[in-house]
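With my numbering applied, the sequence shown has no gaps in its numbers, which climb one by one up to 240 at the end.
Just so it is clear, CB atoms sit at the ideal spot from N, CA and C, and this is done for glycine as well.
Please read all numbers here as calculations on a predicted model, not as lab measurements.
Worksheet for the structure shown next.
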Amino acid sequence: MDRYSNSTSNFKRSGKAGFIRFVVLGMTIKERYAGVLRYFDESGMEAETELMYRNPFELLVAVVLSAQCTDKRVNMVSRTLFARLPDAATMLSAGEEIIRGLIASISYPNAKARHLAGLAEILVNRFGGEVPSTREDLMALPGVGRKTANVILSVLHGEAAMAVDTHVFRVSARLGLTRGAKTPLATEVQLMRHIPESLVPKAHHWLILHGRRVCVARNPRCADCGLQDWCSYYGKKAGR
Ligand code: SF4
């Protein structure tokens with residue numbers, strides 16, 4: 001028996017004739033998190049970045065390039081970029097103009113070329129060409145904010161760091177995992193309060209992929225979503 005079904009007053013029947021579903025009413029925040037995480041875990045959804053990279057430097061560059069750009073586009077560009085400029089020293093020698101030419105089809109190529117040139121310089125001069133491993137050092141690099149630093153800490157080092165991008169922000173709010181969170185940092189703090197540390201790296205990818213594939217920005221595909229019973233937005237729409 002489902003562990004949530006022992007409180008029958010919390011459930012009601014719904015659905016079409018011949019098909020009975022039980023939806024959880026007045027669930028606690030703990031129950032909502034447990035339901036959502038269990039769904040993702042059992043769904044078999046992959047829990048890794050869609051960006052292509054072979055080493056920490058390539059991941060860092062790819063994440064910087066991915067700001068307001070699709071991973072697909074970044075992957076198309078990064079193949080050539082990494083073949084030409086495979087490490088920080090080579091990128092530093094190449095300079096901003098050559099970098100800009102190689103990333104011209106990415107959003108905001110001027111700013112991103114400037115960031116990558118500056119980033120390569122700091123990596124070479126301060127970190128021996130390696131990608132640093134603390135949030136503070138990462139956030140000192142041009143083009144690297146808290147979100148990017150958290151991706152690096154999570155993906156490279158398996159740290160419990162929740163990177164909040166537009167998908168994580170939106171999906172968490174719709175599901176009701178966050179309440180009244182007005183900023184990515186507020187979302188991060190609320191998610192980190194409830195998600196077990198060992199699941200944070202996976203949960204980050206689950207929320208992103210769910211936001212890209214199902215809970216899309218304009219018209220979320222609720223009819224195809226397996227999270228209806230746990231979702232605050234859907235519950236309100238359904239009048240629960
Ligand atoms: S039910 Fe709809 S709003 Fe809720 S998570 Fe699924 S797609 Fe998003």
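### Query
Where are the alpha helix (DSSP H) runs, 4 residues long or more, that stay fully inside the segment 61 to 98, in chain order?
Whole alpha helix (DSSP H) segments, 4+ residues: 71 to 84 and 88 to 94.
#### Entry: Sequence-distant residues of the same chain with beta carbon closer than 7 Å to M162, five excluded per side
N150, E188, L191, M192, V200 and H204
### Task
May I have the straight-line CA-CA distance separating V23 from Y233, to the nearest angstrom?
Unreliable placement is indicated for V23, whose pLDDT of 47 sits below 50; the coordinate value is still reported in the next sentence. Approximately 14 Å between the Cα atoms of the pair.
### Query
So does Y39 have its beta carbon nearer than 7 Å to some heavy atom of the ligand SF4?
no
### Task
Using three-state DSSP, classify Y53 as helix, strand or coil.
coil
### Query
Apart from the five residues on each side of it in sequence, which residues of its chain come closer than 8 Å, Cβ to Cβ, to V64?
K112, H115, L116, L119, G143, V144 and T148
### Query
Are the beta-carbon atoms of T49 and V171 separated by less than 8 Å?
no
#### Entry: DSSP state of N219 mapped onto helix, strand, coil
coil
### Query
Near the ligand SF4, which residues have their beta-carbon less than 7 Å from any of its heavy atoms, given in chain order?
V171, R174, L175, H210, V214, C215, P220, R221, C222, C225, L227, Q228, C231, Y233 and Y234
### Within 8 Å, strictly: CB atoms of L175 and C222
No Cβ-Cβ contact shorter than 8 Å links L175 with C222.
#### Entry: DSSP three-state assignment for A111, whether helix, strand or coil
helix
### Secondary structure of L241, DSSP reduced to three states
Beyond the ends of the chain as shown, which are 1 and 240, falls residue 241; an answer cannot be given.
### Per-residue burial, P196 [other beta carbons within 10 Å of its own, 16 or more giving buried]
exposed
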